[in-house]
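Each protein sequence line maps, in turn, to chains A and B. Under my numbering, the first residue of the first sequence carries the number 1, and numbering increases by one thereafter. Under my numbering, the first residue of the second sequence carries the number 356, and numbering increases by one thereafter. One structure below.
2 protein chains.
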Amino acid sequence: MVESAVVVGTGLIGTSIALALHQRGVDVALSDRDPAALRLACDLGAGRPLAQEQTEPADVAVVAVPPGAVPAVLRDAQRRGLARVYTDVASVKSSVVRRVAELGCDLTSYVPGHPMGGRERQGPGAARADLFLGRSWALCPAAGTDPAAVKTVTLLAELCGADPLVVDEAAHDRAVALVSHAPHAVSAAVAASLLDGDATALALAGQGVRDMTRIAGGDVGLWREILGHNAGPVAAVLERVAADLAAAAAALRSGDPGVVEDLLERGRAGHARVPGKRGAGPTPDDAVLSVVIPDEPGALGRLFAAAAEAGVNVEDVRIDHSPGLPLGVAQLSVVPEARDRLARALTEGGWSVHR
Amino acid sequence: MVESAVVVGTGLIGTSIALALHQRGVDVALSDRDPAALRLACDLGAGRPLAQEQTEPADVAVVAVPPGAVPAVLRDAQRRGLARVYTDVASVKSSVVRRVAELGCDLTSYVPGHPMGGRERQGPGAARADLFLGRSWALCPAAGTDPAAVKTVTLLAELCGADPLVVDEAAHDRAVALVSHAPHAVSAAVAASLLDGDATALALAGQGVRDMTRIAGGDVGLWREILGHNAGPVAAVLERVAADLAAAAAALRSGDPGVVEDLLERGRAGHARVPGKRGAGPTPDDAVLSVVIPDEPGALGRLFAAAAEAGVNVEDVRIDHSPGLPLGVAQLSVVPEARDRLARALTEGGWSVHR
């Protein structure tokens with residue numbers, strides 16, 4: 001049961017967890033060394049301030065501070081007896097767990113954790129109760145971890161809408177180096193290369209480079225710390241990527257198309273392994289309809305009403321606006337079997353439909 | 356005036372241009388060496404098949420074939436006298452223009468062009484009339500190009516909703532190497548690195564690596580050709596990125612945080628230079644509402660109907676689905692002044708609203 005929780009650290013992650021728990025009826029006590037951050041989190045409805053004199057330990061305490069601060073904060077929380085079970089949210093595990101052990105923390109009640117949610121923005125103001133909805137939440141219990149503690153933290157992750165995934169801490173660190181930490185450094189390198197471009201070059205930038213550089217906008221201090229704490233695994237991935245790019249550059253200079261083609265082929269194969277937003281790859285093309293919509297109040301409402309009248313559930317929608325033109329395009333995702341029916345119904349209703 | 360046009364090559368780009376021109380009332384004749392592609396483009400309403408015996412030259416002909424095929428196709432089009440003015444859409448210019456000159460094409464009526472629009476999907480079936488809406492469209496006239504021809508192709512770009520931008524061909528090639536071609540190779544290298552990960556590692560993949568690897572899903576043959584045609588400028592960018600990544604890896608191994616921090620700082624600065632989707636950066640957070648929606652027919656329709664009843668125009672919407680949970684989250688973008696009103700109306704209507 002998770003009926004009460006303490007969240008230490010009301011930044012983006014801590015406040016988002018607190019918001020989710022609070023919405024599910026959990027009694028949440030909050031603390032942060034920054035009084036303004038704590039006040040904002042409380043005002044947002046994430047919980048109440050942790051009382052100085054705690055009477056009863058909570059079911060679980062979440063240490064939601066940067067990786068380097070986790071060991072000391074966890075030790076202090078355990079000394080105060082804030083909870084029966086403890087977890088953290090640091091995106092690196094081996095170095096954190098090693099230091100936790102060195103500080104003499106109780107390891108039986110501590111379940112190292114890492115929810116896979118984030119945003120470019122930081123702080124409680126950016127928090128969202130749905131930040132972890134449908135995301136994986138890694139748990140890295142050790143041999144000596146109390147199974148009941150693992151059960152509690154599993155429940156905590158589920159209360160936040162996440163998908164708990166038990167994984168060895170070293171495997172976790174290698175995995176996040178591959179799918180998160182090294183890509184962050186690569187995004188930074190691509191973004192840094194843009195400093196060489198003039199205004200004309202940047203005017204030619206499209207969605208591709210926007211996507212490639214989005215995560216480079218993240219917090220420098222936090223990411224320096226994350227990369228440093230996971231240095232070995234991240235360096236290994238960066239070395240492979242750098243070698244691939246250096247080889248491609250050399251092949252381009254010497255006119256050897258085979259090396260470039262091999263990189264592009266491996267890239268396509270790797271791209272196919274990335275799970276889609278819903279864990280099932282990208283929406284198949286045969287399930288998307290493009291509908292031209294006038295940019296006026298109620299247009300989207302009328303469109304969805306027409307879809308509902310046709311008995312078709314729109315599973316996803318993306319709007320492409322057309323700067324300078326009074327229209328946009330809604331891309332509706334539906335189950336493939338329903339696409340033709342929806343297209344017919346919308347066309348009969350006067351909508352301009354494209355497949 | 357652009358009242359008539361010929362589009363040679365009915366792939367994604369050619370068909371999209373033809374659709375846009377046709378929608379604006381231009382008489383569009385199409386040709387493609389693949390009869391199925393030509394038929395599909397015509398069926399989509401992109402225009403009519405080019406007659407074998409052309410009587411009158413069109414105002415403009417668009418050579419919309421891969422870079423390596425442009426020179427010969429342009430020469431043949433000029434020999435047939437298909438149009439008074441010619442342009443192409445190849446994403447590399449110097450090597451194409453050099454070969455065009457070698458083939459003895461008329462350079463006064465040829466305006467090298469490059470619309471900055473694209474998709475991962477290829478072929479006429481993926482074409483969209485709005486593919487170039489709000490995008491830059493580079494024009495690279497030479498000293499000897501007829502100014503009237505430049506005017507015609509400028510008008511062509513504007514009819515497609517794009518923003519024409521005159522730029523020297525060498526500067527164009529360096530620019531697209533920086534903002535498009537090199538990022539594509541980097542995306543491929545990141546995606547290729549994922550081949551080293553097991554299923555658990557991929558399960559921890561989030562939006563960051565999805566964005567980083569999206570363009571790696573593009574057509575291998577086309578991109579090998581593009582990179583090869585712009586080899587020098589692309590190699591120069593890849594060498595810089597590879598050097599940055601190798602230096603970061605070495606610094607991580609030796610525990611030198613300054614090098615990593617410098618890369619992250621430069622990445623943030625470069626990220627800030629990338630223009631946003633609508634040319635004005637990301638939607639401000641104070642204009643977004645998150646609303647929990649049940650995953651059932653008509654839910655989105657009811658949501659939009661409620662917004663319309665409140666008199667609020669929803670400008671943009673993104674749906675985050677929650678795998679395994681019977682709900683999703685709709686992120687509604689509205690003008691900041693309307694956000695509180697919409698939140699109140701939806702809350703009163705029983706919706707779970709988050710700011």
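Beta carbons: idealized from backbone N, C-alpha and C, even for Gly.
Counted as a single uninterrupted DSSP element, the beta strand (DSSP E) harbouring G113(A) occupies residues 113-115. For D461(B), the number of other beta carbons within 10 angstroms of its own is below 16, and it is reported as exposed. Secondary structure note for T500(B): it is in no beta strand (DSSP E), with a DSSP letter that is neither H nor E. Bridge partners of D382(B) according to DSSP: S359(B).
The beta-carbon separation of V592(B) and A512(B), rounded to 26 Å, does not stay under the 8 Å limit for a contact. Listed along chain A are D211, M212, R214, I215, each with a C-beta nearer than 8 Å to that of D566(B). Along the segment 187-201 of chain A, the positions whose C-beta sits under 7 Å from a C-beta of chain B are S187, A188, A189, V190, A191, A192, S193, L194, L195, D196, G197, T200, A201, read in chain order. For P164(A), the enclosing beta strand (DSSP E) covers residues 163-166. The alpha-carbon separation between A127(A) and G258(A) amounts to approximately 47 Å. Closest option to M471(B), judged by alpha-carbon separation, among S371(B), K506(B), V383(B), Q686(B): S371(B).
Counting only unbroken stretches of 3 or more residues, the beta strand (DSSP E) elements lying wholly within the segment 79-131 of chain A are 86-88, 113-115, in sequence order. Burial state of V153(A) is buried, judged by a 10 Å Cβ sphere holding 16 or more other Cβ atoms.
No Cβ of chain A is located within less than 8 Å of the beta carbon of H584(B).
Between G267(A) and A547(B) a beta carbon distance of about 5 Å is seen, short of the 8 Å cut, so the two are scored as contacting. Under the three-pair Cβ rule at 8 Å, the segment 222-231 of chain A does not count as touching the segment 496-506 of chain B. Excluding five sequence positions before and after A456(B), the CB atoms of its chain that fall closer than 8 Å to its own CB belong to L462, given in chain order. Taking a cut-off of 8 Å on C-beta distances, the segment 445-456 of chain B touches the segment 424-437 of chain B, as three or more cross pairs fall below it. Excluding five sequence positions before and after S542(B), the CB atoms of its chain that fall closer than 8 Å to its own CB belong to M567, T568, R569, I570, A571, given in chain order. Chain-order list of chain A residues neighbouring I674(B): D316, V317, by C-beta distance under 7 Å. Here the alpha carbon of A37(A) sits roughly 18 Å from the alpha carbon of G118(A).
Taken in chain order, the members of the segment 128-157 of chain A whose beta-carbon sits within less than 9 Å of a beta-carbon on chain B are R128, A129, D130, L133, G134, R135, S136, A138. Residues of the segment 253-264 of chain A with a Cβ closer than 8 Å to any Cβ of chain B, in chain order: R253, G255, P257, V260, E261, L263, L264.
Remark: C-beta atoms of V363(B) and A416(B) approach each other more closely than 8 Å. Shortest Cα-Cα distance from A249(A) to any of A532(B), A693(B), A445(B) involves A532(B). Under DSSP, Q331(A) shares a beta bridge with S290(A), R318(A). Rounded to whole angstroms, the separation of the alpha carbons of Q686(B) and A665(B) is 17 Å. Around the Cβ of T10(A), a 10 Å sphere holds 16 or more other Cβ atoms; the residue is buried. If you ignore the 5 residues before and after L367(B), its C-beta comes within less than 8 Å of the C-beta of G473, R474, R476, Q477, G478, P479, A481, A482, L486, all in its own chain and listed in chain order. In the displayed model, P404(B) falls within a strand according to three-state DSSP.
In chain order, P421 place their CB closer than 7 Å to the CB of L577(B), counting only its own chain and leaving out the 5 sequence neighbours on each side.
When the alpha-carbon of G610(B) is set against those of V234(A), P49(A), A83(A), V241(A), the nearest one is in V234(A).
The beta-carbon separation of L194(A) and L204(A), rounded to 11 Å, does not stay under the 8 Å limit for a contact.
Straight through space, the alpha carbons of V89(A) and S31(A) are spaced by roughly 15 Å. Annotation: A170(A) to S136(A) spans about 17 Å, alpha carbon to alpha carbon. For V415(B), the enclosing beta strand (DSSP E) starts and ends at 415-418.
In the three-state scheme derived from DSSP, where H, G and I count as helix and E and B as strand, V629(B) is classed as coil.
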